[in-house]
Each structure stands twice: as C-alpha cells, then as structure tokens.
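Structure first, then comments.
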Amino acid sequence: MSNSEILLSICVPTYNRQFLLERNVSFHLERFRTLQVPFEIVIVDDCSTDDTGAYIESLEGIPEINAYRRVKNSGFVSNYAFAMRRARGRYAVFLGDDDLLIPEKVKEYIEIMERDPGVGMVQAPWMLVDARGGQRDVGPFYRVSGPTRIAKGDYGAFLDFIFGYHIFPEFMIVRRDILAKSISSATPFIFWAYLFTGRALEHTEILFMPEPFARVTAISDDPRLQQGNNECMFQWDTYRGGLEFLASLMWKHKKPSGYERQDFLNKLIMFMLNRQSVALRLHIETGNWPEAYILYHRMRAYQEVPLSESSPDTIKQLAGLSLAAKEAEAFSLQPVVVDPMITDDIIELLHPSLQQRMTRDIPLGDSGPHAWLRMDPSFGEPMKRGDAGFDLSSYLEQFI
1 MSNSEILLSI CVPTYNRQFL LERNVSFHLE RFRTLQVPFE IVIVDDCSTD DTGAYIESLE
61 GIPEINAYRR VKNSGFVSNY AFAMRRARGR YAVFLGDDDL LIPEKVKEYI EIMERDPGVG
121 MVQAPWMLVD ARGGQRDVGP FYRVSGPTRI AKGDYGAFLD FIFGYHIFPE FMIVRRDILA
181 KSISSATPFI FWAYLFTGRA LEHTEILFMP EPFARVTAIS DDPRLQQGNN ECMFQWDTYR
241 GGLEFLASLM WKHKKPSGYE RQDFLNKLIM FMLNRQSVAL RLHIETGNWP EAYILYHRMR
301 AYQEVPLSES SPDTIKQLAG LSLAAKEAEA FSLQPVVVDP MITDDIIELL HPSLQQRMTR
361 DIPLGDSGPH AWLRMDPSFG EPMKRGDAGF DLSSYLEQFI
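So for the sequence shown, UniProt numbering puts the first residue at 1; every next one is plus one.
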C-alpha cells in the first residue's frame with residue numbers, strides 16, 4: 001500500500017503481550033476494512049521476549065501491517081514516539097496494545113479534520129474499561145462540556161482548559177505534518193503528553209471533543225502495572241514539569257506580572273495536590289509504604305492531607321517495615337525469616353512481592369545465608385556465618 005493511499009495510521013507499540021496484540025490487530029483489521037477507511041497498523045515490538053516476534057512474523061503478507069522490532073528495549077515513551085514517526089498515513093493515532101479504538105468515532109473526527117485544515121489535531125478523553133472477566137465501560141477519564149477549540153499558539157487558553165477540566169491530552173488523532181514537528185523520543189522532567197501537545201499547538205489549532213474515540217484498559221487481570229497507573233503513581237512529578245513548560249510558552253512574548261505568576265502557581269498547586277492525592281491512595285492500596293510516606297509529606301507542605309483509613313503514624317511504621325523487608329529480601333536468595341513479634345495482620349499490609357519472600361520457618365542445616373527480619377534483637381541468634389539481622393527498630397526510627 002503506497003503512502004498516498006493511506007488515510008490513517010494506527011500506531012501500536014508493544015512489549016511482551018502477544019495475546020493482547022493479537023486481539024488488537026484482529027479487531028482493527030476487521031473493523032476498519034468494514035468501514036472502508038484506507039489504513040495501516042504500525043506495530044513496534046520493544047524487544048519482546050515472549051511470542052510477540054513469532055506472531056508479528058505470522059502477519060507478513062497482510063498489506064495493512066507495517067511492523068518493526070527494536071534492537072533493545074527502549075521504554076514506553078520512546079517506543080510510542082518511534083511508532084508514531086513510522087506512520088505513513090495522512091493522520092496517525094496512538095494506541096496501547098491492550099486498547100481498542102472506537103472506529104466510527106475515529107472516522108467522524110478524521111472527517112472533521114478533512115473539512116477544516118486549520119485543525120491539525122483532535123483530542124478526546126478515553127473510555128476506561130474494566131477488563132476483568134470481560135469488557136465493562138467505567139466512564140471517560142476526564143469530561144469536557146462540549147467541543148473546545150484552542151487557537152494556534154494560545155497557551156493561556158490551553159492552560160485554563162487543563163486546570164478547569166483536569167485535562168490529560170494523551171489520546172490524539174494528529175495530521176502527519178504536525179506529528180513530525182511535535183513527537184519524538186523521551187525528554188526528562190516533563191509529562192510526554194503535555195510536551196507533544198504543547199509543541200503541536202505552536203503549529204496548529206487543536207480541537208478537544210467530548211466523546212471518546214478509544215477504549216482503554218484501566219483494570220486488568222494482567223498482573224503487570226498499566227502504563228496509566230504507572231504514570232499516575234510514579235511519574236506524577238512530570239505533570240508539574242509539563243504545566244511549567246506550557247506556562248513558559250504562554251509568557252514567551254510577554255513578561256508576566258507578579259499577580260499572573262502567583263495565579264498560575266496557585267492553580268498549579270491545586271492541580272498537583274489533586275493528582276498527588278490519587279497517587280497517594282494508589283500507593284496505600286498497593287502497599288508501597290515508603291512512597292506513600294514521602295508523598296504524604298510533600299503534600300503536607302501545602303495543606304493538611306486527609307487520610308481515609310491510614311493514619312500518618314501507620315504510614316510511617318509500615319514504611320519502616322517495608323524498607324527493612326526490602327533490604328532483607330535483597331540480601332539472600334533464601335526467604336526472609338520473620339520474627340513472630342511481627343504479626344500476620346501487619347505482614348498482610350505489605351506489598352505482595354515482599355510477602356511472597358517471607359517465611360516463619362526456622363532454617364535447618366546449611367542452606368545458604370539467611371536474612372532475619374526482627375523486632376527482638378535476639379531473634380536468629382546465634383547467627384551462622386554469612387547471615388544478617390535486619391533490626392526493625394532502627395528502620396522505624398528513620399521515618400520521623
């Protein structure tokens with residue numbers, strides 16, 4: 001299929017999820033052929049170690065498939081950008097390997113862009129899906145009241161829109177000439193979606209539509225962390241970087257007043273506290289207690305932090321226990337031997353990966369070095385040569 005014949009490039013970065021990729025490809029091949037939209041599916045395998053490579057080889061000869069394999073694992077954003085920059089269609093859309101487009105809505109939005117060349121990018125919220133035991137729509141990730149057009153270069157309006165509706169501009173249909181000026185591999189300190197959309201706004205008007213054109217897995221039976229949850233829990237500081245970047249572009253041609261800077265700062269703080277509260281809840285639910293401890297204190301610099309179930313004392317005590325357990329399980333390949341004084345109800349609050357490495361069984365014989373996680377300094381004594389004690393009291397004292 002020649003470049004001039006392709007209207008839409010569906011760009012799918014993937015890594016070690018062959019069964020999800022197969023569902024993705026089969027769905028889009030069938031649905032977009034039915035709609036008679038000239039399209040391609042750009043698949044970029046980020047050096048998978050499962051059967052992804054063999055599956056991609058089985059697609060050879062299908063004219064709509066355009067597949068690549070990276071020579072080393074590059075991470076989500078780099079693979080995303082690589083896939084988008086391989087697009088040959090007039091328009092391109094990114095999609096996770098576990099997500100599905102809403103084809104009729106994609107076609108509708110492309111038709112809007114075809115009628116109005118001033119719009120080089122359409123953004124929309126995505127429909128969150130609970131994939132456990134089937135596919136159940138939960139609701140859109142964010143909501144906007146109606147179609148909203150951001151004029152080229154109007155970063156002030158864009159920031160007001162973000163702050164007003166808590167916009168995360170991740171799902172875009174972008175014209176390829178705008179894509180070429182906007183999307184590239186990872187840049188540190190900034191959320192990729194704010195960076196790419198901010199770059200695009202320098203060259204085109206952007207239309208935000210209220211109805212999703214993609215269905216995105218929010219909850220899955222797959223034990224691996226979803227990219228969206230990973231960003232929310234561990235990369236939320238990049239949101240601040242993205243908003244600061246957009247504010248700098250807003251003031252590129254004028255020096256802001258003290259009031260304008262303070263107004264932006266106030267809105268930024270409130271936006272970030274909202275995102276931090278989500279991250280804090282997820283870390284507590286997951287049992288990431290050291291992360292929850294640090295996040296709690298960062299939030300408390302600006303306001304008191306409401307906690308629904310866990311108290312600050314509980315967070316810091318579990319953070320100390322988690323840190324001690326992490327260092328203990330990293331010491332030896334053998335299970336961590338846990339002091340009886342550390343009760344099961346406490347252990348159950350730790351991250352599952354730590355629980356799996358713990359035992360109550362006292363080791364017999366010479367089975368290698370052992371880590372002893374203890375409240376009682378005499379637990380495990382006398383230790384064998386090579387063993388190590390991890391005294392919980394000293395770890396608890398670190399979390400002040």
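In this text, a Cβ means the ideal position worked out from N, Cα and C, and glycines have one as well.
- As a beta-bridge residue in DSSP terms, Pro13 pairs with Val44.
- Counted as a single uninterrupted DSSP element, the stretch harbouring Trp126 is not any beta strand (DSSP E), since DSSP gives it neither H nor E.
- In this structure Ile178 is buried. Its beta-carbon is surrounded by 16 or more other beta-carbon atoms within 10 angstroms.
- A check of alpha carbon separations from Leu349 across Lys384, Leu396, Leu364, His283 identifies His283 as the nearest.
- Between Gln355 and Ile342, the C-beta spacing is not below 9 Å.
- Minimum Cα-Cα distance from Thr14 among the listed residues Ile41, Asp97, Ala83 corresponds to Asp97.
- Phe245 is positioned such that its CB atom lies closer than 9 Å to that of Ile190.
- Within 10 angstroms of the beta-carbon of Glu57 lie fewer than 16 other beta-carbons, which makes it exposed.
- Here Phe171 is buried: its Cβ has 16 or more other Cβ atoms, across all protein chains shown, within 10 Å.
- For Gly118, DSSP assigns no beta-bridge partner whatsoever.
- Going by C-alpha positions, Asp51 is about 8 Å away from Asn16.
- Across the set Arg90, Arg176, Asp45, Thr314, the C-alpha of Asp45 shows the shortest separation from the C-alpha of Asn79.
- In this chain, the beta strand (DSSP E) harbouring Ile150 covers 148-150.
- Around the Cβ of His253, a 10 Å sphere holds fewer than 16 other Cβ atoms; the residue is exposed.
- Around the Cβ of Gly75, a 10 Å sphere holds fewer than 16 other Cβ atoms; the residue is exposed.
- Per DSSP, the continuous alpha helix (DSSP H) segment holding Asp345 begins and ends at 344-347.
- Counting only runs of at least 3 residues, the stretch 312-380 fully encloses the following beta strand (DSSP E) elements, listed from N- to C-terminal order: 336-338, 371-374.
- Here DSSP, grouped into helix, strand and coil, assigns Val174 to strand.
- Take Gln276, set aside five residues on each side of it, and the residues of its chain with a beta-carbon closer than 8 Å to its own are Trp236, Leu295, Arg298, Met299, in chain order.
- Straight-line measurement puts the Cα of Thr204 at about 31 Å from the Cα of Thr34.
- In the DSSP assignment, Ile219 falls within the unbroken beta strand (DSSP E) covering 214-219.
- Under the three-state reduction of DSSP output, Arg385 falls in the coil class, being neither helix nor strand.
- The three-state secondary structure of Arg69, taken from DSSP, is strand.
- Taking the C-beta atoms as reference points, Ala81 is found nearer than 9 Å to Ser184.
- At a Cβ-Cβ threshold of 9 Å, Tyr91 and Arg175 count as neighbours.
- Non-local C-beta neighbours of Arg143 in its own chain, meaning closer than 8 Å and more than five positions away in sequence, comprise Pro125, Tyr165, Pro210, ordered along the chain.
- DSSP places Asp137 inside the beta strand (DSSP E), whose first and last residues are 136-140.
- Residue burial is scored here from C-beta neighbours: Arg261 has fewer than 16 other C-beta atoms within 10 angstroms and is therefore classed as exposed.
- Secondary-structure assignment with DSSP links Ile206 through a beta bridge to Met121, Ile150.
- Cα atoms of Thr197 and Gly242: separation of roughly 10 Å, rounded to the nearest angstrom.
- Check the Cα spacing between Leu265 and each of Tyr302, Asp376, Asp387, Val338: the tightest is with Tyr302.
- DSSP places Ala200 within a helical segment (H, G or I) once states are collapsed to three.
- Contact annotation: Gly118 and Glu40 have beta-carbon atoms that are not nearer than 9 Å.
- Shown here for Asn66: same chain residues with a beta carbon closer than 6 Å to its own, the five before and five after excluded, namely Glu40, Val42 in chain order.
- Here the alpha carbon of Ala324 sits roughly 40 Å from the alpha carbon of Val12.
- Lys316 and Ser394 have their C-alpha atoms some 13 Å from each other.
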